[in-house]
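To keep things clear, I will list the structure first and then write my remarks on it.
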Amino acid sequence: MSLGESNSIHVAIIGGGITGIILALGLQKRGVNFTLYERAPAFTELGAGIGFSPNAERALKVINPEIDRVYKQLVAPTHGVEEYFQWADGYRTSEIEAKLLIGVDCFQGGRRSDFVDGWSKLISKDSVKFNKELSFLVHRDDGKVSLQFKDGSVDEADAVIGCDGIHSRVRQLILGETNPASYASYTNKYCFRALVPMEKAQAALGTEQTTGSDKSLNRVMYNGPNAHIITYPVAQGQFMNILLVISDPHPWKTEDGKHTAAGSKGEALRAYEGWHPRVRAIAELLPEELQKWAIFDMCENPAPYYYRDSVAIAGDAAHAAGPHLGSGAGFGIEDALVLATVLEAVNEKLDVQGQKAKVELCQAALAAYNNMRYDRTQWLVGATREACALFHWQDENVGSDFGKFLPEITKRFHKIWKQDIDEMLRETREEFKRLGSELPN
Ligand SMILES: Cc1cc2nc3c(=O)[nH]c(=O)nc-3n(C[C@H](O)[C@H](O)[C@H](O)COP(=O)(O)OP(=O)(O)OC[C@H]3O[C@@H](n4cnc5c(N)ncnc54)[C@H](O)[C@@H]3O)c2cc1C
């Protein structure tokens, strides 16, 4: 081995959201060298709530058991009872009309900021660089990728993984800046979200609608014409997370091109005019001034592939979906597990094949990742749009009929939740082996 060559690849992770952090912890656990570059001065996330689907919870354990340990400390307490998704007719009665069993002690929720804070502390400090906004990538003749940052600094890596979110710069660099697939588009849905102290929520809505008498996590979604509302407890039951999603026939236009705009409680209440009083009481819990969040996704112009040479995209950067099936972050976690697995396999193979194969092995690893993840993640983007149409009574075959709604929504959730993580990893290793065996010795 010549001076300066190490018998290990060095991976650059661009972006320290949930996908980037989990990938970093997966590589750390597997002894793969990496640097995580985040454009912000620190790891930051909103205080809003998030829940992790059962497939994501299983993947977290396999990626790195430490992630699971911290996760369990941060989620709302569960009490060994069966957890359900519950759908109410928000327009006519506010009564629960459909239920779907999730399992026992699963799909737990918490505050995003708590998870990001807790998990990022597990990453070795030497492996993180803040205030590093990626501008360009250059493929060098020696096979390495040169990373150029907005502050003028330059670094290098053997493989680059863009975990840089829905407006991914890495996606633009892979697909081209003029390619429509480099940009997300408006789903004609926007949302308001708020965390309300649980005491305040219980005083307004009662126990059944908030924490539930059986102490389950009591997630309730109120469906109706062109809108829905979801409530569930977070932060160990201290707060109720409220998400209002509203259909909007107009294009999203803001002067500064942002996906957020100033909104108000009055605007939210107008969307639920004529709805059942209990649902309007939930909207009344919102603060007077609110941020309005446009929901964008990658459905209209999907990325045709997730990698080129030694550069790949993962999480929202690859397949941003709306929030309606609660699985965007979960799919980023599955991506991270597959990536950590193939990149570890590169290091194992390097021991046998030597440095010459580094570039080809990295490319084979990212091709295997692409092949394993593309269909499932693209399916999620479309299924998420379909789910929102079901919640908003916009599906012509289903409308407001909860008898027809339940099987439709069940088949989508089951496809997400029942992912066999062990089988996914077995197939991933096989795929890498297949692609790797085609390389010259
Ligand atoms: C209202 C709402 C509710 C949701 N609820 C759920 C839920 O309950 N469960 C679930 O699984 N999913 C949920 N999702 C989806 C989930 O939030 C996302 O899928 C997930 O957060 C995406 O994580 P990410 O790390 O891929 O991207 P991001 O969180 O967007 O992180 C990208 C990171 O990259 C950094 N970055 C960007 N550009 C650069 C650059 N050029 N250089 C360096 N750094 C850069 C950013 O600063 C950021 O830190 C929800 C989404 C919404 C909108």
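Numbering (my numbering), first residue to last: 4 to 444. Ideal Cβ positions, reconstructed from N, Cα and C, are used throughout, including at glycine. What you are looking at is a predicted structure, and each value in this text was computed from that prediction instead of being measured.
Shortest gap from the CB of Leu293 to any heavy atom of ligand 1: 6 Å or more.
Within the DSSP bridge table, the entry for Leu63 names no partner. Take the alpha-carbon of Gly269 and the one of Ala207: they are about 18 Å apart. Just so you know, the alpha carbons of Gly227 and Leu30 end up roughly 44 Å apart. Inclusion of Glu41 and Gly19 in the CB contact set at 7 Å is warranted, their separation being smaller than that value. Across the set Ser127, Gly54 and Leu39, the C-alpha of Gly54 shows the shortest separation from the C-alpha of Trp420. Taking a cut-off of 8 Å on C-beta distances, the stretch 105 to 112 touches the stretch 83 to 92, as three or more cross pairs fall below it.
Per DSSP, the unbroken alpha helix (DSSP H) holding Leu178 starts and ends at Arg172 to Leu178.
Between Val362 and Phe435, the CB-CB gap reaches or exceeds 7 Å. Between Ala43 and Phe133, the beta carbon gap of about 7 Å places them in contact (Cβ cut-off 8 Å). According to the DSSP assignment, Glu389 belongs to the alpha helix (DSSP H) that extends over Lys361 to Phe394.
Annotated three-state conformation of Trp420 is helix, per DSSP.
Your pair Leu293 and Gly266 checks out as a contact, with CB atoms roughly 5 Å apart and the cut at 8 Å. With a contact defined as Cβ atoms closer than 8 Å, Ser11 and Val148 miss out at about 16 Å.
For Tyr186, the secondary structure class from DSSP, reduced to helix, strand or coil, is coil. In the same chain as Leu369, and ignoring 5 residues on each side of it, the C-beta atoms closer than 6 Å to its own belong to Tyr310 and Ala315, in chain order. Pairwise C-beta distances place the stretch 222 to 238 out of contact with the stretch 334 to 350, as fewer than three of them are shorter than 8 Å. In the DSSP assignment, Thr234 falls outside any alpha helix (DSSP H) and lies within the beta strand (DSSP E) extending over Ala230 to Val237. Cβ-Cβ separation between Ile233 and Leu289: approximately 13 Å, too far for a contact (criterion under 8 Å). Residue environment: Phe408 is assigned as buried (16 or more neighbouring CB atoms within 10 Å of its CB, all protein chains considered).
Distance from the C-beta of Asp154 to the nearest heavy atom of ligand 1 is not below 6 Å.
In this structure, the C-beta of Asp338 stays at least 6 Å away from each heavy atom of ligand 1.
Contact between the stretch 145 to 165 and the stretch 254 to 265 is absent, with fewer than three C-beta pairs closer than 8 Å.
At least one heavy atom of ligand 1 lies closer than 6 Å to the C-beta of Glu136.
When distances are taken from the beta-carbon of Ser11 to the heavy atoms of ligand 1, even the shortest one reaches 6 Å or more. Closest in alpha carbon position to Val199, among Phe394, Ala286, Phe46 and Val248, is Ala286.
When DSSP states are grouped into helix, strand and coil, Asp425 belongs to the helix group.
When only Cα atoms are considered, Glu258 and Glu389 end up about 30 Å apart.
Between Asn373 and Tyr275, the CB-CB gap reaches or exceeds 7 Å. For Asp92, the distance from the CB to the nearest heavy atom of ligand 1 is not below 6 Å.
Remark: the C-beta of Arg42 is in contact range of ligand 1, defined as less than 6 Å to any heavy atom. With contacts defined as CB atoms closer than 7 Å, Ser97 and His395 fail to qualify as a contacting pair. Relative to the Cα of Gly333, the nearest Cα in the group Thr190, Gly112 and Leu39 belongs to Gly112. Going by beta carbons, Val78 and Gly121 fall outside the 7 Å limit. Nearest neighbour of Asp71 by Cα position, chosen from Val119, Phe152 and Gln381, turns out to be Val119. Per DSSP, the continuous alpha helix (DSSP H) segment holding Val73 begins and ends at Pro68 to Leu77.
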